[in-house]
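Numbering follows the UniProt record's numbering, in which position 56 of the sequence shown is assigned residue number 56; successive positions increment by one, without gaps. Idealized CB from N, CA, C, for every residue including glycine. Here the structure is a predicted model, which means the values were calculated and not measured.
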Amino acid sequence: MPKNKIEVIYNPYDINKITEKSKVTVGKKYEHIFFKKTIITMGSLHYQKGQWHLIKTFSRLIKKAFERAKEFLKEQKN
């Protein structure tokens, strides 16, 4: 593609500000959510935004983790 046909659109969010805010503790009210590694996603639930990809993937990950836990317990039982 010719370079004159390419336009860079920079992220409209201040990444430095987001990084700084990520270091702030959430306080007692929400610490029960973040006591271990947590994934947070934001976005509208419109089809074209693709949030369903995340939901489907999380579902598969949970199922795999459950299956592996069952296998582990079977091995420990034997």
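- For the pair LYS37 and MET1, the Cα-to-Cα distance works out to about 41 Å.
- Going by DSSP, SER59 is part of the alpha helix (DSSP H) stretching over 51-77.
- Across the structure, THR57 and LYS64 are spaced so that their CA atoms are roughly 11 Å apart.
- The closest CA to that of ILE39, considering only GLY50, LEU54, HIS46, TYR47, is found on LEU54.
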